[in-house]
Amino acid sequence: MLSKEIEKALNSQITIEAESSQVYLAMASWAETLGFEGVAAFMYAHSDEERMHMLKLVKFINERGGHAKIATLKAPPISFGSFKEMFQTLFDHEVMVSASINELVHISLQERDYATHNFLQWYVAEQIEEEALARNILDKINLIGDDKGGLYLFDNDVKLLTVTASVDPNA
Ligand code: FEO
């Protein structure tokens with residue numbers, strides 16, 4: 001059984017994951033309108049991943065006798081400046097998510113809820129990967145700057161990252 005405090009904290013994380021999914025969906029749509037298919041595919045896939053992160057929390061809360069609540073979401077921005085700015089926003093967003101997961105881990109230990117603590121380890125590992133991936137992309141885009149040809153190659157590169165990173169839902 002979940003304590004009220006843990007249930008509330010996990011529910012807040014549902015909203016954070018859902019808002020992440022929305023922000024990345026907005027980034028995908030923006031990139032698509034600019035003709036950057038690779039970046040768009042990467043962001044669509046990332047948006048789906050965030051929805052999966054959210055659903056995992058919903059199931060966990062309900063399985064443990066709590067009630068997962070689906071909240072109103074903030075509307076994400078419509079455009080993101082440049083790709084450099086967009087990936088910086090993505091990186092900063094993931095750092096914020098990691099901090100939130102760390103806080104949840106802290107609360108689970110305070111409450112001696114070892115089942116939730118164990119469940120959260122998946123998110124801890126996922127955040128290490130997500131931050132590393134975002135940092136990797138930022139490094140690439142910082143090398144390119146605003147060079148048009150470079151951005152074209154970057155778009156192809158990111159498309160490959162999407163193929164490697166995407167998970168087959170039927171596997
Ligand atoms: Fe679900 Fe990208 O954190």
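Count the sequence shown with our numbering and you get residues 1 to 171, in order. All C-beta atoms, glycine included, are put in the ideal place defined by N, C-alpha and C.
Does ligand 1 have a heavy atom nearer than 8 angstroms to the CB of Q259?
Past the boundaries of the shown model lies residue 259; the chain is included only from 1 to 171, so the question cannot be answered.
With DSSP collapsed to three states, give me the class of R64.
Reduced to three states, the DSSP call for R64 is coil.
Let me check you understand the geometry: is the CB of S79 closer than 8 angstroms to at least one non-hydrogen atom of ligand 1?
no
Is it right to say N142 is buried, meaning 16 or more other beta carbons lie within 10 angstroms of its own, or is it exposed?
exposed
Do the region 73–81 and the region 120–130 make contact, defined as three or more Cβ pairs closer than 8 angstroms?
Per the Cβ contact rule, the region 73–81 is not in contact with the region 120–130 (fewer than 3 Cβ pairs under 8 angstroms).
beta-carbon L20 near ligand 1 non-hydrogen atom, thresh 8 angstroms:
Rather than Leu, the amino acid found at residue 20 in this sequence is Ser. S20: yes, Cβ under 8 angstroms from ligand 1.
Secondary structure at D168, three-state DSSP: helix, strand or coil?
Per-residue confidence for D168 stands at a pLDDT of 48, beneath the threshold of 50, marking its modelled position as unreliable; the derived number appears in the next sentence. D168: coil per DSSP, three-state reduction.
According to DSSP, is G81 part of a helix, a strand, or is it coil?
coil
Nearest chain D C-beta to R64 closer than 9 angstroms, yes or no?
Structure shown: chain D not included; a single protein chain is present.
Is DSSP giving R112 helix, strand or coil here?
coil
With a threshold of 8 angstroms, establish whether the CB of E17 neighbours any heavy atom of ligand 1.
With a threshold of 8 angstroms, the Cβ atom of E17 counts as near ligand 1, since some heavy atom of the ligand is closer than that.
From the DSSP output, in three-state form, read off F42 for me.
If DSSP states are grouped into helix, strand and coil, F42 belongs with the helices.
F36 to V23 span [Cα, whole Å]
17 angstroms
For G35, does the three-state DSSP call read helix, strand or coil?
coil
Please identify the residue among F154, E94, Y114, N136 whose C-alpha is closest to the C-alpha of S20.
E94
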